[in-house]
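Note sheet for the following structure.
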Amino acid sequence: MRRKVIFGNWKLNKTVAEGVALAKELRAALPNPKCEVGVAPTFLALNAVAEALKGSPIAVAGQNCFWKEKGAYTSQISPQYLKDAGASHVIIGHSETRGRFGVEESVEDPDALKVFGDTDASVNIKARYALENGLVPIICCGELLSERKAGNTDKVVSGQIEGALKNITAAQVAGLVIAYEPVWAIGTGEVCASDEADRVCGVIRATVARLYDQATAEAVRIQYGGSVKPDNAKELLSKPNIDGALVGGASLKAADFLGIIEAV
Ligand code: PEP
Numbered sequence: 002m003r004r005k006v007i008f009g010n011w012k013l014n015k016t017v018a019e020g021v022a023l024a025k026e027l028r029a030a031l032p033n034p035k036c037e038v039g040v041a042p043t044f045l046a047l048n049a050v051a052e053a054l055k056g057s058p059i060a061v062a063g064q065n066c067f068w069k070e071k072g073a074y075t076s077q078i079s080p081q082y083l084k085d086a087g088a089s090h091v092i093i094g095h096s097e098t099r100g101r102f103g104v105e106e107s108v109e110d111p112d113a114l115k116v117f118g119d120t121d122a123s124v125n126i127k128a129r130y131a132l133e134n135g136l137v138p139i140i141c142c143g144e145l146l147s148e149r150k151a152g153n154t155d156k157v158v159s160g161q162i163e164g165a166l167k168n169i170t171a172a173q174v175a176g177l178v179i180a181y182e183p184v185w186a187i188g189t190g191e192v193c194a195s196d197e198a199d200r201v202c203g204v205i206r207a208t209v210a211r212l213y214d215q216a217t218a219e220a221v222r223i224q225y226g227g228s229v230k231p232d233n234a235k236e237l238l239s240k241p242n243i244d245g246a247l248v249g250g251a252s253l254k255a256a257d258f259l260g261i262i263e264a265v
């Protein structure tokens, strides 16, 4: 039986003081959550939030990482530094760091969207380096609206997973988390229908079974992310292939995030 796992991705929200205040509210409300819970603050707030959550069951994640420990890598953060600051997890390959935004059809300069530049190859090297250095990766995948409309959802998502997992062992895959996040559902209020989200999570599980074996596929936890709210969480989380949620907007208010956790 896979334990459900709910993470809040705060993105570029919450100052240090705001992040600590939210962390304290969550800590007070969740002395003993029935699922795994975590939050991903900005790099700036991560250490203070981790301090506020020290000794609690709430984990802390980085929102990205680099594949070198230290050196002349302006703007980058390594898994070692994330760990040092109190993180145990790291989100890798979020559509926003891949430069794949839901608004791609309406943007005049598509290159502007590639500014963060993650690719399947960088997601893979980051995931491997995070694992080597003791962080649990939350590896994101998901199709654009144009890819869904073209009937390519399964191909896109399984290709991303195959790319992300190269040279990662079965034992490592069994312990990591995959987040299926259809790009068109992120931050749009347009949630993926629960049966369809479950189906695509099943495609991801089948991809893991093809690349590794059935036991690894049964062990890996697959979250759904994209406009998860307290009122749709129960339905999504009741599906057999959905093992949790990666929550953006609704993780910024304690009541909403707690509502989602209560739906487990
Ligand atoms: C996310 O950014 O991972 C996400 C799922 O955002 P939201 O819940 O706001 O759609």
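Heads up: the sequence shown is residues 2 to 265, going by the numbering used here.
The C-beta atom is built at its ideal place from N, Cα and C for all residues, glycine as well.
{"Query": "Residues of its chain near Val-1, where Cβ-Cβ distance is below 7 Å and the 5 sequence neighbours each way are ignored", "Result": "Residue 1 is absent from the model: the chain starts at 2 and stops at 265."}
{"Query": "Contact test: Gly-249 Cβ vs the ligand PEP heavy atom, cutoff 6 Å", "Result": "yes"}
{"Query": "Under the three-state DSSP convention, the category Asn-125 falls into", "Result": "helix"}
{"Query": "Neighbourhood of Ala-86 by C-beta, 7 Å cutoff - its chain only, sequence neighbours within 5 removed", "Result": "Leu-47, Asn-48 and Ala-51"}
{"Query": "Rounded separation between Val-158 and Ile-205 - CA only", "Result": "7 Å"}
{"Query": "Arg-222 - DSSP class collapsed to helix/strand/coil", "Result": "strand"}
{"Query": "Rounded distance between the beta-carbons of Asn-14 and Ala-41, thought under 8 Å", "Result": "Contact flag wrong, Cβ pair sits at about 11 Å."}
{"Query": "Environment of Ser-147 [buried if 16+ CB atoms lie within 10 Å]", "Result": "exposed"}
{"Query": "Leu-47, enclosing alpha helix (DSSP H) - first and last residue", "Result": "44-54"}
{"Query": "Contact check, Pro-138 vs Ile-93, beta carbons under 7 Å", "Result": "yes"}
{"Query": "Endpoints, alpha helix (DSSP H) assigned at Glu-263", "Result": "255-263"}
{"Query": "Three-pair Cβ contact test at 8 Å for the segment 185-193 versus the segment 219-236", "Result": "yes"}
{"Query": "Own chain residues within Cβ distance below 8 Å of Ala-30, not counting five before or after", "Result": "Ala-255 and Leu-259"}
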